[in-house]
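Notes follow once the structure below has been shown.
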Amino acid sequence: MLELRLVQGSLLKKVLESIKELVNDANFDCSSTGFSLQAMDSSHVALVALLLRSEGFEHYRCDRNLSMGMNLNNMAKMLKCAGNDDIITIKADDGSDTVTFMFESPTQDKISDFEMKLMDIDSEHLGIPEAEYDAIVRMPSAEFARICKDLSSIGDTVVISVTKEGVKFSTKGDIGAANIVCRQNTTVDKPDDATVIEMKEPVSLQFALRYTNFFTKATPLSSTVTISLSNELPVVVEYKIAEMGYVRFYLAPKIEE
Amino acid sequence: KQKQQVLSRFFAPK
């Protein structure tokens, strides 16, 4: 028996909107730790790791570890039917081939339930070791989204370079080239507007903008994004989910042949 | 020419 009650249901709506274009089908894993997911895109270039910690739910009952295969597009369709202020409860019985999403309006005058068929998904989990990154950039998530969108109108790939001067995003395409440099800036009114760069080693890595643009679908989840880079390692783009957990995207770099 | 790497080059299956 599984019953997870999330008062801020909009968080789950936003999570689905942020990952449904990158991944088609995924297993949601439920344990005493929380509600989590790890899934790769079909070409195994990018990976999404989601964690919603059990403490973040108003009610969290998960009698035994459960893995539920879901089509993310279908799940997003159902969650779209929940109001932004609705409380969402996820329910499943042991051995059942369905999951139920229950939506309660804040005033409890409308209660809906949507039952979705589960699916069997063969998915391999990758072991992702905790790594010390050469450079960690924290910046406003809307700024990062803007940069990825703007650069993708010029080129297909972005080179992200971190030096003492700041973080530089560069691209080249048929019509020309573009460079955007963001300097560390901590003298802002709101801490979330800051750009903070922690650098141990200079880093320069190249990534497909197609994927970084998928990641920025998570922008509504958090006002800041953290980009962790090490030479010759996948980049980690993390959006924290207030007091609950995170959505992390991993993307393998491109190399010159 | 650029080559897109895949994640299994960096992370092993669990």
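So the sequences go chain by chain: Y and H. The first sequence maps to residues 1 to 257 in the working numbering. The second sequence maps to residues 258 to 271 in the working numbering. Glycine included, every Cβ here is placed at the ideal spot set by N, Cα and C.
Contact check, residue i vs residue j under 8 Å by CB: the rounded distance?
i, j, result
"Met116(Y)", "Phe101(Y)", "7 Å"
"Phe57(Y)", "Leu4(Y)", "5 Å"
"Pro270(H)", "Leu126(Y)", "6 Å"
"Val158(Y)", "Phe207(Y)", "6 Å"
"Glu257(Y)", "Lys260(H)", "5 Å"
"Met139(Y)", "Val237(Y)", "Actually they do not touch by this definition, with Cβ atoms about 11 Å apart."
"Pro129(Y)", "Gln262(H)", "In fact, because the Cβ distance is near 17 Å, the residues do not count as touching under 8 Å."
If I measure Cβ to Cβ from residue i and keep anything under 7 Å in the same chain, skipping five residues before and after, which residues do I get?
i, result
"Asn213(Y)", "Cys148, Lys149 and Ser152"
"Asp93(Y)", "Met1"
"Ser18(Y)", "Lys217, Ala218, Leu221 and Val247"
"Leu229(Y)", "Tyr133, Asp134, Ala135, Ile160, Val162, Val203, Leu205 and Val235"
"Asn179(Y)", "Lys168 and Ser170"
"Ser141(Y)", "Thr219, Ser222, Ser223, Thr224, Val225 and Tyr239"
Excluding five sequence neighbours on each side, which residues of the same chain lie with their C-beta closer than 6 Å to the C-beta of residue i?
i, result
"Asp29(Y)", "Ser36 and Ser67"
"Leu47(Y)", "Met40 and Tyr250"
"Asn27(Y)", "Ser67, Gly69, Ile121 and Ser123"
"Glu201(Y)", "Asp134"
"Ile111(Y)", "Glu104"
"Thr89(Y)", "Arg5 and Met102"
"Gly271(Y)", "Outside the displayed span of chain Y (1 to 257) sits residue 271(Y), for which this structure offers no information."
"Ala145(Y)", "Thr216 and Thr219"
"Lys14(Y)", "Pro220 and Leu221"
"Cys62(Y)", "Leu2 and Cys30"
"Tyr211(Y)", "Ala46 and Leu251"
"Val7(Y)", "Glu58 and Ile87"
Between residue i and chain H, is the shortest Cβ-Cβ distance under 8 Å, so that the two count as touching?
i, result
"Ile128(Y)", "yes"
"Lys172(Y)", "no"
"Ile255(Y)", "yes"
"His59(Y)", "no"
"Tyr250(Y)", "yes"
"Glu259(Y)", "The structure shown does not extend to residue 259(Y), since chain Y spans only 1 to 257, so no value can be given for it."
"Gln206(Y)", "yes"
"Met40(Y)", "yes"
"Val247(Y)", "no"
"Glu132(Y)", "no"
"Val45(Y)", "yes"
"Thr157(Y)", "yes"
"Glu124(Y)", "yes"
"Leu229(Y)", "no"
"Leu22(Y)", "no"
"Leu233(Y)", "yes"
Less than 8 Å between C-beta atoms, sequence neighbours within five positions excluded: which residues of the same chain meet that for residue i?
i, result
"Leu72(Y)", "Leu16, Ile19, Lys20, Val23, Asn24, Asp25 and Ala26"
* To do: Please specify which runs of the beta strand (DSSP E), each continuous and at least 3 residues long, are wholly inside the region 53-97 of chain Y, giving them in chain order.
  => 59-62, 66-71 and 87-92, all fully within the region 53-97 of chain Y.
* Pair every Cβ in the region 194-203 of chain Y with every Cβ in the region 176-185 of chain Y, then say whether three or more of these pairs are closer than 8 Å. => Judged by Cβ distances under 8 Å, the region 194-203 of chain Y makes contact with the region 176-185 of chain Y, as three or more pairs qualify.
* Asked: How do the region 76-85 of chain Y and the region 36-46 of chain Y stand: do at least 3 beta-carbon pairs fall below 8 Å, yes or no?
  -> Counting Cβ pairs under 8 Å, fewer than three are found: no touch.
* Please determine if the region 172-180 of chain Y and the region 229-242 of chain Y are in contact, where contact requires at least 3 C-beta pairs separated by less than 8 Å. => Too few Cβ pairs lie closer than 8 Å, so no.
* To do: Scan the region 171-246 of chain Y and note each continuous beta strand (DSSP E) run of 3 residues or more that stays entirely inside, going in chain order.
  => You should have 177-182, 196-199, 203-208, 224-229 and 235-241.
* **4 or more residues per run - each alpha helix (DSSP H) lying fully within the region 1-56 of chain Y** => Those alpha helix (DSSP H) runs which fall completely within the region 1-56 of chain Y and span 4+ residues are 10-19.
* Asked: Which runs of the beta strand (DSSP E) spanning at least 3 residues fall entirely within the region 101-157 of chain Y, listed in chain order?
  -> Runs found: 111-117 and 135-140.
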